[in-house]
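FYI, this note's numbering numbers position 15 of the sequence shown as 377, with every residue one higher than the one before it.
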Amino acid sequence: MITPHVKRTLLATTLGLAVAVGGVATASTAQAAATGDTKMSCSTVKITGKKVAVRMPDRGDTVADSNDRVTRYVYRGDKLKTCVIAQGYGRTYKKCGKVGYDWYIVRGGQVPITCAKSL
Numbered sequence: 363m364i365t366p367h368v369k370r371t372l373l374a375t376t377l378g379l380a381v382a383v384g385g386v387a388t389a390s391t392a393q394a395a396a397t398g399d400t401k402m403s404c405s406t407v408k409i410t411g412k413k414v415a416v417r418m419p420d421r422g423d424t425v426a427d428s429n430d431r432v433t434r435y436v437y438r439g440d441k442l443k444t445c446v447i448a449q450g451y452g453r454t455y456k457k458c459g460k461v462g463y464d465w466y467i468v469r470g471g472q473v474p475i476t477c478a479k480s481l
């Protein structure tokens, strides 16, 4: 579940990038994508790792890391709905035998993108 704090942070970041890159006209499109509009960008991911931790980012962070608290575990074959990918921008991790920096935002926290594949 995406908390209101994470939604506000994602929305502010997305709007800031949209205005900086494409002007005010693209801000409304970015706002719809950041608020989790299911018609635009939601997808299903299938867990490929054996046992994968769903982690909740620390207060004030928008992206999880390997040291954040575990809210639950998901297992190989589980299907989860995601609408947003949190980009780590250089904060790398090694999970499921691969190096990555992006995370899928799912119910309860974030899952490493290297441990799941998009369907």
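Don't be surprised by glycine CBs; every beta carbon is placed ideally from N, CA and C.
Query - Residues of its chain near Ala478, where Cβ-Cβ distance is below 7 Å and the 5 sequence neighbours each way are ignored - result: The residue given as residue 478 occupies position 116 in the sequence shown. These residues qualify, in order along the chain: Val407, Lys408, Ile409, Thr410, Tyr466.
Practice prompt. Could you tell me the distance, in whole angstroms, from the CA atom of Cys485 to the CA atom of Ala426?
Written response: Given that the chain is displayed from residue 363 to residue 481, the structure contains no residue 485 and the question cannot be resolved.
Counterpart residues of Val468 in DSSP-defined beta bridges: Here residue 468 is taken as the residue at index 106 of the sequence shown, counted from 1. Its beta-bridge partners are Gly471.
Determine, using beta carbons only, whether Thr454 and Tyr463 come nearer to each other than 7 Å.
Within the sequence shown, numbered from 1, the residue matching residue 454 stands at position 92. Within the sequence shown, numbered from 1, the residue matching residue 463 stands at position 101. Their beta carbons are under 7 Å apart, which means Thr454 touches Tyr463 by this criterion.
Residue burial classification, Gly422 (beta-carbon count within 10 angstroms, cutoff 16): Taking the first residue of the sequence shown as position 1, residue 422 is located at position 60. Gly422 comes out exposed.
TODO: Could you name the residues of the same chain whose beta carbon sits closer than 7 Å to that of Lys413, not counting the 5 residues immediately before and after it, in chain order?
DONE: Here residue 413 is taken as the residue at index 51 of the sequence shown, counted from 1. Counting only Cβ-Cβ distances below 7 Å, and skipping sequence neighbours, we find Tyr435, Tyr437.
> For Thr476, which of helix, strand or coil comes out of DSSP?
Replying inline: Numbered from 1 along the sequence shown, position 114 holds the residue referred to as residue 476. DSSP places Thr476 in helix when its eight states are reduced to three.
Excluding five sequence neighbours on each side, which residues of the same chain lie with their C-beta closer than 7 Å to the C-beta of Asp430? Counted from its first residue, the sequence shown places residue 430 at position 68. Here the set comprises Arg417, Met418, Pro419, Asp420.
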